[in-house]
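Enquirer: Just passing along the structure, written as C-alpha cells.
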Amino acid sequence: MSDATAPRLVIRIPAFLRRLDPAVATAFGCIVLLLLLGSLYSRSFLSPEYLLQQLKVASFLGVIATGMMLVILLGQIDLSVPWVVTTGAMMACAAAGHGAPGLWISIPFGVLCGVAIGVVNGLGVAYLRIPSMIITLATNAVAQGLMVVYTGGFSPQDEASRAMRYLATGSVIPGIPNAVLAWAVIGVLAVWILKRTTFGRAVYSIGNRERAAYLSGINTRLVTMLAFAASGGLAAFGGVLLAGYASKAAQSMGDAYLLPSIAAVVLGGTHILGGRGSYLGTIAGVILITLLQSILSVMQITEAGRQLIYGAVIILMLLLYGREKAA
Amino acid sequence: MKDWRYWLSEQQGTLTAIGIFVVMFVIYATNHPAGFSVNMVQTAANKAVLLAFVAMAQALVVITAGIDLSVGMMLTLTNCLASWIVVGSAAETALGVVGVLATGLACGAINGAVVIFGRLQPIVTTIATGAMFYGAALFLRPNPGGSVNETLADALTGRLFGFLPASLVVLTLVVLVIWVPYSRSVLGRAAYATGSAETAAYMSGVPIQRAKFAAYTLAGLLSSIGGLFLTFFSYTGEAAYASGNAYTLFSIAAVVLGGVSLMGGRGSAVGAIFGALAFRTIGDLLFVFDFDPLWQPLFQGVVLMLAVSIGAFGLFQVRNRLEWFG
Chain R
1 MSDATAPRLV
11 IRIPAFLRRL
21 DPAVATAFGC
31 IVLLLLLGSL
41 YSRSFLSPEY
51 LLQQLKVASF
61 LGVIATGMML
71 VILLGQIDLS
81 VPWVVTTGAM
91 MACAAAGHGA
101 PGLWISIPFG
111 VLCGVAIGVV
121 NGLGVAYLRI
131 PSMIITLATN
141 AVAQGLMVVY
151 TGGFSPQDEA
161 SRAMRYLATG
171 SVIPGIPNAV
181 LAWAVIGVLA
191 VWILKRTTFG
201 RAVYSIGNRE
211 RAAYLSGINT
221 RLVTMLAFAA
231 SGGLAAFGGV
241 LLAGYASKAA
251 QSMGDAYLLP
261 SIAAVVLGGT
271 HILGGRGSYL
281 GTIAGVILIT
291 LLQSILSVMQ
301 ITEAGRQLIY
311 GAVIILMLLL
321 YGREKAA
Chain U
1001 MKDWRYWLSE
1011 QQGTLTAIGI
1021 FVVMFVIYAT
1031 NHPAGFSVNM
1041 VQTAANKAVL
1051 LAFVAMAQAL
1061 VVITAGIDLS
1071 VGMMLTLTNC
1081 LASWIVVGSA
1091 AETALGVVGV
1101 LATGLACGAI
1111 NGAVVIFGRL
1121 QPIVTTIATG
1131 AMFYGAALFL
1141 RPNPGGSVNE
1151 TLADALTGRL
1161 FGFLPASLVV
1171 LTLVVLVIWV
1181 PYSRSVLGRA
1191 AYATGSAETA
1201 AYMSGVPIQR
1211 AKFAAYTLAG
1221 LLSSIGGLFL
1231 TFFSYTGEAA
1241 YASGNAYTLF
1251 SIAAVVLGGV
1261 SLMGGRGSAV
1271 GAIFGALAFR
1281 TIGDLLFVFD
1291 FDPLWQPLFQ
1301 GVVLMLAVSI
1311 GAFGLFQVRN
1321 RLEWFG
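Protein chains in written order, with our numbering: chain R, 1 to 327; chain U, 1001 to 1326.
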C-alpha cells in the first residue's frame, strides 16, 4: 500500500539529456574542462576569434574523421588516411598546374583520387575478405609509393588553385570560415545518411552483426565497399582543404591525421568494434582533440612532450569509457 | 593423418617462407653486380636482421590474434636511447645494453598492460603508445646524433671466422634463447590456443591473460634488440618518424609473407624471420636490376598488397557463403 502512495524519488532528467550517450556527455564535459584550463592560462583563450580559428582547424580533422567514422561503424578501420590525405592534396595541386581546365577540376580530381584508393580498400575488405587493418596499410604504402615516384621524393612545386584556397581560407558568410561551412555541410549529410537512409541503417547493422545483416538481405559487400570509398573521398577532401590552407601540398602532411581521426571517433563514443555511435559524438571528439593540440602548443611544450602527453591523454580517456566489456 | 602430416601442415607457412626467400635470394645473388661473395652476404644480412627482429616481435603478438603497431616506434626509441648509453668501457657498455633491453621490455609491458587490463583494442592502443614512444625518442634525440661503442658495434656487424655474418649468429642465438623455449613453454602454447579460439582456450583453463602479456612484453624486448642493431649499423640515434612507421609496416608484410595468420593461432617467429629476409631481398632486387630507387616504396607496397591478397584464395573453397563472415 505504502509503496503506491509514497512519493517516489525520481530525479527529473530532461528527455534530451536522458537520451545522451554518457560517452558523448563525457567528451563535451572534457571540452568545457579544456576551455576552462586554457582560459586560466591565457585570457584570449575564450575570445571568439580564437574559438573560430580553432573551429576552422578542427574542420580539416572533422572532414577526415567523418569518413573514418563510417568505416569504424562497420567494425573496420582505415589506416590509409595519411597518404590518402597527401594524395588528395598533391593530385589536386597537380591538376591545378595544368592550365584553365585543370583549375576547374582540381578539387573533384583530388577527391576522386581518394575515392579510387578507397574503392581498392573496399574491394579488398568486402570482396576479398582481407582484414581492413592490413589492406589499408598496404594501400597506404602503395599510395605513398605512387606519390614518391610522382614527386621524386621532394615537396611538389605545384600551388593550390584559387578555388582551393578560397574553400579553405575564405568566407562566403562574413565571419564564418568556408572550411567550417564545408564541414557543416558534410556533417549534415552524414547525419542524414546515417539516420535516414537505408545505406546508413545498413552500416549500423553490418557493424552489429554482419552475418545477420547479410541474411536479412542487405548487400553487405556493396555497403562495405561504398563506405570505404566514401572514407577515401573524405580523407582526400580533407587533404584538398589542407593544401588550400597551406597553399601547397607536402610529403608528410597526412601523417598527423591518422591517430587524431581514430581518436576523435572513438573518444566521441563510437564503438571501435562497430555498430554503435553518433555523429554528435564525433563532432565532440574532433573539437576535443583540436583543443587539446592547441592547448599543448599554446603552452609551448616541445614536439616531444606534445606527442607524449597526447598519446597518454588518449589512452587515459579511452580507459575512462572506451573499454570492452569484461569477458 | 600421420604425425608428419600434422607437422607439415603446421609448418606449411614457415616452409613456404623459406622457399620464397631461397628463390629470391638466388635471383638476387646471381644478378648482383659484385657476384656472390662473403661481403655481399654480410651486407644483405646486416640490412635484413633489423627487420627480422621487428618481424619476430610482430609475429609473437599476431599469434595471439592481436597486433602491435608500435614496434617501429619502440625500435626508434631504443635506437635513440642506445645512442646515449651504449658507450664507454666494457662494463658501462654492458650496463647500457641491459638498460636498452629493459626499456624495450617496459614498453612492451605497457602495451600489454593497457591491452589486457585496460581492455582496449590493440590497434588503437598501440597507435597511441606508439605516439608516446616517438615522443620519448624525440625527447632523447631532438636532432640526430650520439655515438655507440664502436668495438662492440663492429664486432656484431662484422664476420665470425672470416665468413659468418655476426648479425646472423646473433639472430640465431635470439631464436634459440627466446623463441624456442617460449614456443615450447606453457605460455607459448597458450598464445597459440588464445589466438585460434579464445573462448575454447579460456574454458580449457589456459592462462590467456598471462600469455598475451608475455607476447606483448617479449615483442618489446625483440624490438629493442632491433633498435640496438640499428644503432650498431648507423653509429647514431635518430628519432625518424617515417622510418619508424616503415618498420611497423614492413613487420606486418614480413609476418604475412612468413605464413603467420593475421587471424592468430598459426605460424611461427621463424617463418616471420624468413618473411623478413624475403621482403628485404625483394626490395633489393630493384637495385640489382638497376631501377631508379624512387620506385622502391611503390614496389614494396605492391609486394605487400599481393602478399595480403594471397590469403583471399581460400574464399574460393568456401562451400557456404556464411563462412565469409567468420
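Each residue gets a CB set at the ideal place from its N, CA and C atoms; glycine is no exception.
#1: Find the residues of chain U that neighbour E303 (chain R), judging by a C-beta separation of less than 7 angstroms, and give them in chain order.
#2: Would you say M1305 (chain U) lies against chain R (beta-carbon separation less than 8 angstroms)?
#3: Under 7 angstroms Cβ-Cβ, which residues of chain U neighbour A312 (chain R)?
#4: Any idea what DSSP makes of E159 (chain R), helix, strand or coil?
#5: Where G1013 (chain U) and I1063 (chain U) are concerned, what is the direct C-alpha to C-alpha distance, given to the nearest angstrom?
#6: With a threshold of 7 angstroms on Cβ separation, who are the neighbours of S1224 (chain U) within its own chain once the five nearest residues in sequence on each side are excluded?
#7: Could you give the DSSP three-state label for L1322 (chain U): helix, strand or coil?
#8: Please confirm whether V191 (chain R) and I206 (chain R) have their CB atoms less than 8 angstroms apart.
#9: So, with DSSP's three-state summary, where would you put D3 (chain R)?
#10: For G1145 (chain U), which three-state DSSP category applies?
#11: Classify D1292 (chain U): buried if its beta carbon has 16 or more other beta carbons within 10 angstroms, exposed otherwise.
#12: Do the segment 156-174 of chain R and the segment 235-255 of chain R meet, that is, are 3 or more Cβ pairs less than 8 angstroms apart?
#13: Relative to the alpha-carbon of A1057 (chain U), which residue among U:V1071, U:A1065, U:S1089 has its alpha-carbon at the smallest distance?
#14: Taking only the alpha-carbon atoms, compute the straight-line gap between L288 (chain R) and P1181 (chain U) and give it to the nearest angstrom.
#15: Quick test of your reading: F60 (chain R) and G238 (chain R), contact by CB under 8 angstroms. State the CB separation rounded to the nearest angstrom.
#16: In the structure shown, what three-state DSSP assignment does L1171 (chain U) receive?
#17: Does DSSP put R1210 (chain U) in a helix, a strand or coil?
#18: Taking the runs of the alpha helix (DSSP H) that are 4 residues or longer, which of them lie wholly in the segment 221-272 of chain R?
#19: Which same chain residues end up closer than 7 angstroms to Y1241 (chain U) when comparing Cβ atoms and leaving out the 5 residues on each side of it in sequence?
#20: Whole angstroms are fine: how far does the CA of P260 (chain R) sit from the CA of A27 (chain R)?
#21: In whole angstroms, what separates the C-alpha of L1173 (chain U) from that of F1053 (chain U)?
#22: Identify the continuous alpha helix (DSSP H) that holds P82 (chain R) and give its terminal residues.
#23: With C-beta atoms as the reference, is A263 (chain R) less than 8 angstroms away from L70 (chain R)?
#24: By DSSP, does G67 (chain R) sit in helix, in strand, or in coil?
#25: For D1068 (chain U), is the classification buried or exposed, using 16 other Cβ atoms within 10 angstroms of its Cβ as the cut-off for buried?
#26: So the alpha helix (DSSP H) F1274 (chain U) belongs to, where does it begin and stop?
#27: As a quick exercise: from R:G232, R:M317, R:A312, pick the residue whose alpha carbon is nearest that of V111 (chain R).
#28: At a CB-CB cut-off below 9 angstroms, which residues of chain U make contact with A214 (chain R)?
#29: Name the residue from U:F1299, U:A1055, U:M1305, U:F1025 whose alpha carbon lies nearest to the alpha carbon of L1171 (chain U).
#30: Using 8 angstroms for Cβ pairs, my map puts M68 (chain R) next to S106 (chain R). What's the rounded Cβ distance?
#31: Tell me the rounded alpha-carbon separation between L1262 (chain U) and F1117 (chain U).
#32: Does DSSP classify G1162 (chain U) as helix, strand or coil?
#33: What residues from chain U crowd round R211 (chain R), counting only those whose CB sits closer than 9 angstroms?
#34: Around the C-beta of T136 (chain R), are 16 or more other C-beta atoms found within 10 angstroms, so that it is buried, or is it exposed?
#35: Nearest chain U C-beta to R276 (chain R) closer than 8 angstroms, yes or no?
#36: Residues of the segment 229-255 of chain R in Cβ contact with chain U at a cutoff of 7 angstroms, in chain order, please.
Expert: Judging by the given coordinates:
#1: L1138
#2: yes
#3: M1132
#4: strand
#5: 13 angstroms
#6: M1074, T1078, V1100, L1101, T1103, G1104
#7: Of the three classes helix, strand and coil, the one that applies to L1322 (chain U) here is helix, per DSSP.
#8: no
#9: Annotation note: pLDDT 49 at D3 (chain R) (below 50); position unreliable, no value reported.
#10: Reduced to three states, the DSSP call for G1145 (chain U) is strand.
#11: exposed
#12: yes
#13: U:V1071
#14: 46 angstroms
#15: 5 angstroms
#16: helix
#17: helix
#18: 258-267
#19: Y1134
#20: 14 angstroms
#21: 12 angstroms
#22: 81-96
#23: For A263 (chain R) and L70 (chain R), no; Cβs fall outside 8 angstroms.
#24: helix
#25: By the 10 Å Cβ count, D1068 (chain U) comes out buried.
#26: 1269-1288
#27: Ranked by how close their Cα comes to the Cα of V111 (chain R), the residues R:G232, R:M317, R:A312 have R:G232 in first place.
#28: It should be pointed out that residue 214 (chain R) corresponds to Tyr in this sequence rather than to Ala. Neighbours of Y214 (chain R) on chain U, chain order: R1321, L1322, W1324, F1325.
#29: U:A1055
#30: That pair is no contact at about 24 angstroms.
#31: 22 angstroms
#32: coil
#33: L1322, W1324, F1325, G1326
#34: It is buried - the Cβ of T136 (chain R) has at least 16 other Cβ atoms within 10 Å.
#35: no
#36: S252, D255
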